[in-house]
Amino acid sequence: MNADIVVIGGGHAGVEAALASARLNKKTVMLCLDFGTVSLMPCNPSIGGTAKGHLVREVDALGGEMGIIADKALLQIKMLNSAKGPAVFSLRGQEDKKVYHELMLDVVRGTKNLEVIDDEAVEIVADGGKVQAVLTAKGEKIDCKAVVLAAGVYLNGEIIIGDYVKKSGPSGFAAANKLSDSLIKLGLPLRRFKTGTPARIYRDSLDFDKMEIQRGEDVDRFSFMSPHATFEEEPCYLTYTNEKTHKIILDNIDRSPLYNGTIKSTGPRYCPSIETKVVRFKDKERHQIFVEPEGANSDEMYVQGMSTSLPHDVQEQMYRTLPGFEHCRFAKYGYAIEYDCIDSLSMYPSLESKVVEGFFSAGQINGSSGYEEAAAQGLIAGINAARKLDGKEPVVLGRDQAYIGVLIDDLVTKGTNEPYRMMTARAEHRIMLRQDNADMRLTPIGYEIGLATIDRYARMCAKKENIERIIEFSSTALPRAQVAPLFERIGEIMPPKAITFGDVCRRPLVNAADVKPFLPFEVDDETLNAAVVELKYEGYLKKEEAQIKEQQRLESKLIPADFDYAAVKALRIEAREKLASIRPLNLGQASRISGVSPADIAVLIVALRQLNI
29 MNADIVVIGG GHAGVEAALA SARLNKKTVM LCLDFGTVSL MPCNPSIGGT AKGHLVREVD
89 ALGGEMGIIA DKALLQIKML NSAKGPAVFS LRGQEDKKVY HELMLDVVRG TKNLEVIDDE
149 AVEIVADGGK VQAVLTAKGE KIDCKAVVLA AGVYLNGEII IGDYVKKSGP SGFAAANKLS
209 DSLIKLGLPL RRFKTGTPAR IYRDSLDFDK MEIQRGEDVD RFSFMSPHAT FEEEPCYLTY
269 TNEKTHKIIL DNIDRSPLYN GTIKSTGPRY CPSIETKVVR FKDKERHQIF VEPEGANSDE
329 MYVQGMSTSL PHDVQEQMYR TLPGFEHCRF AKYGYAIEYD CIDSLSMYPS LESKVVEGFF
389 SAGQINGSSG YEEAAAQGLI AGINAARKLD GKEPVVLGRD QAYIGVLIDD LVTKGTNEPY
449 RMMTARAEHR IMLRQDNADM RLTPIGYEIG LATIDRYARM CAKKENIERI IEFSSTALPR
509 AQVAPLFERI GEIMPPKAIT FGDVCRRPLV NAADVKPFLP FEVDDETLNA AVVELKYEGY
569 LKKEEAQIKE QQRLESKLIP ADFDYAAVKA LRIEAREKLA SIRPLNLGQA SRISGVSPAD
629 IAVLIVALRQ LNI
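So in the numbering used here, spot 201 of the sequence shown is number 229, and the numbers just go up one at a time.
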C-alpha cells in the first residue's frame, strides 16, 4: 500500500493533521486503533476555555475543522473572563461528545484523498535517517514519504486505579504497546507523563436542587463561518467539596497511587487531582466542582474538579459527601493514565523531528495537554508534512502572530517537564492576539497555504474593509446632544472639547452596542466589536508593534545548523550546552531558551559577526 503521508492516531491532533494533508492534495492514510477513538473526548466534554478558545479560533481561521464541529455539537456556550479586558476573553462550549465524534468521523470519511484504517502502527521504517514506511499490527506495510505521529496518550498507556494497573488507553480503548520500541530505535527521546479523569455519575442519581445551576450565554460561535444558530441548551451545575470530603481523602492518602509510589511520572500542574488539591491546599475549606452533561441524550454527568485515581470504595465515599451526590451511582470510576511521549526539544518549530527526516509529531505525544493544543499542533504538522513533500518552506507562526506560535515555540524552545497547558499569561503579545481578530491575523495565511476557502477569505476581507471604515470614522466629531445620554448613563462628565466617535469608543465602560447608534452606516456586531477593541487598545498596540519589530530583528538573524557553540569561549558553560542541544534556528529562538541570558545573546551576536554570518 502506498501513501504520501501516514497520520498515526485519530484524536484531535490526528484528525486536523489528516484533514490538512488531504486537503492539500496529499494521499493520506489515517491509522486509528478503533473508529470510536476519532475525535474522542476521554476527559472533559468541552471545547475552548481560557486561552484554549483562542486556539480554536486560530485553528478555524487557518482552515481547520475543530471550531465548525464544536459549533454543531454545542450544549452550552459562554464567554470566560468577560469581566476582564477583551484580550483575555475566551469562549468555552459544553459539547455533546457523541455528536462531536460522529460529525467529525463523517467529515474524515467524506474527505477526498483521505483513507481511514482501523489498525495499529507498530513500527516506523526509516532509511538513511528518512521516513520510508509504516508497519501495522495486521501486517500491512504502508510506503510513505512522511509520518505525523499523533498518538495522544495511547503509547504504552496504563490505567491506574488504586492498586489496579492495566495496559489500556483512555475510556477502555486498547493501548498502543509496540510503537514506543520503534521510536527508541529511531533515536527519538521518550519520557513518561501522566494525566487523569474524574468519575462519570448517572444523571438520575443526582439531586440538582442542592447545586447551583450554571446557564450559558447568547454569545459568539467558535467558527467565523458558523451561523448564529439556536440549540437546546443543557444546564451545568456547581457544587463544592467539604470537610468530610477532605477527611476521607486524607485518611486514605496512603492508598492513592500518587502518594504511595505507584505513579512515578509527572502529571499536569494546572489540572491536578482532587487528592493533590486537598494535600497542597490544606487550609482551603472547599473546592469548586462543576457537574456537566456528557450529551443531550446521555445518562452520564462529568464531575469536573474531581479527577482521581483512588480505589473504587474511596471514590464512592468521597463523592457521596458532595451536596447533591448523597445517593450517586457510578457509570465510570475516575482513573489516572500514564503514557509515553516525546521530548519536544527534539522537534523543529515546524514540528518535524531533528532526528528523523519526514517524521512529524503533534498533540499529547509532544508533552502538551488538552484537545485544543492537540488540534493546533495537528493542523501545523499536517500542513508542514504536505509542504515538505512539495518542496516548500514550512509554516512557522511567530509568537506575535498567534497563540499557536506561542504554544509550539514554548514546546520546541523551552521544553516542558510536565503536561503543557496553554494560558493567556504565556503570550507576551496577547493584546494583539485576541479572539476577535484571529481571522484577520491568520486567514490570509490559511488562504495562501490552500486551506482557507475563498468564501472564508472573502468574508475576512469584507470585515477588514468595514473595520477600516469604522477606524476612519473614529475621528468624526459627534453632536454633544447625541452622546450626552450615554455619558450620563456611564456616570462620566462630558469633556468641554469636541467629542469624536473614537473618544467615545475608548471609554472603559462603553461597549460596541453603546456606540452602534452613532454610526451613519450599517455594520454587523462582530465587526463593530473588533473595531471598538482596536480603538480601545490603540496606544498599547503601538507599543507592542515597536517591541515586535525589535524581536523580529533577532528572528531574522539565522544561525547556521552546524555552528560550533563550544568554540565561543565567552559563552557560559550552561548556555553552550543548552544552545548545542537545542540548536536554535535564529537569535530570537536562542534568546528564549531557558538558561541562555541576554549577555549570552550579546556574545553570540559578536561571534556571528566575526564569522561574517
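Idealized CB from N, CA, C, for every residue including glycine.
- In this structure, E322 lies near K125, with their beta-carbon atoms less than 8 Å apart.
- Under the three-state reduction of DSSP, Y363 is assigned to strand.
- Counting only residues of its own chain and dropping the five nearest sequence neighbours on each side, L142 has a CB closer than 6 Å to the CB of A46, A50, T56.
- The beta carbon of L615 is closer than 6 Å to those of L582, K585 in its chain, skipping five residues each way along the sequence.
- Between N394 and the set V127, D191, F549, G443, the nearest pair of CA atoms involves G443.
- S397 sits close to P296, with the two beta carbons spaced by under 8 Å.
- Assigned with DSSP and collapsed to three states, I291 falls in coil, not helix or strand.
- Ranked by Cα distance from D279, the first of F318, M346, I229 is M346.
- Between S337 and the set G138, R497, P285, P377, the nearest pair of CA atoms involves P285.
- The residue from V424, V162, I498, D171 with its alpha-carbon nearest to that of F549 is I498.
- D155 has its alpha-carbon roughly 48 Å from the corresponding atom of A359.
- Straight-line spacing of the CA atoms in M29 and T65 works out to 23 Å.
- DSSP places R415 in the uninterrupted alpha helix (DSSP H) bounded by 399 to 417.
- CA-CA distance, D32 to S210, rounds to 21 Å.
- If the five residues before and after K570 are omitted, its C-beta is found closer than 6 Å to no C-beta atom of its own chain.
- For A635, the secondary structure class from DSSP, reduced to helix, strand or coil, is helix.
- Counting C-beta pairs with one atom in each stretch, the segment 591 to 599 and the segment 572 to 582 have fewer than three that are closer than 8 Å, which means they do not touch.
- Taking one beta carbon from each stretch, the segment 359 to 373 and the segment 408 to 423 have fewer than 3 pairs nearer than 8 Å; the two do not touch.
- Linking V634 to E578 through their CA atoms gives a straight-line distance of about 17 Å.
- With respect to the 8 Å criterion, A608 and A594 are classified as neighbours on the basis of their beta carbons.
- For T304, the CB contacts under 7 Å within the same chain, skipping 5 residues up- and downstream, are L286 in chain order.
- In this structure, the CA atom of F591 is about 37 Å from the CA atom of Y399.
- Each residue's CA atom was taken as its position, placing R308 and S67 some 33 Å apart.
- Here DSSP, grouped into helix, strand and coil, assigns G38 to coil.
- Judged by their CB atoms, G215 and Q104 are not nearer to each other than the 8 Å cut-off.
- When DSSP states are grouped into helix, strand and coil, S625 belongs to the coil group.
- Under the criterion of beta carbons closer than 8 Å, L373 and F318 do not qualify as touching, at roughly 35 Å.
- If one requires a minimum length of 3 residues, the beta strand (DSSP E) runs lying completely within the segment 246 to 297 are 264 to 268, in chain order.
- In this structure the segment 322 to 336 does not touch the segment 238 to 253; the number of beta carbon pairs closer than 8 Å is below three.
- Residue state for E583 is assigned as helix, using DSSP reduced to three classes.
- Annotation: G38 to A178 spans about 7 Å, alpha carbon to alpha carbon.
- DSSP places V127 in the uninterrupted alpha helix (DSSP H) bounded by 125 to 137.
- Residue ranges of uninterrupted beta strand (DSSP E) with 3 or more members, entirely inside the segment 156 to 200 and ordered along the chain, are 158 to 164, 169 to 171, 174 to 177, 186 to 189, 192 to 195.
- If you check the CB distance, Y330 and P226 come in under 8 Å.
- Under the three-state reduction of DSSP, G121 is assigned to strand.
- About 6 Å separates the CB atoms of G180 and G391; that is less than 8 Å, so the two are in contact.
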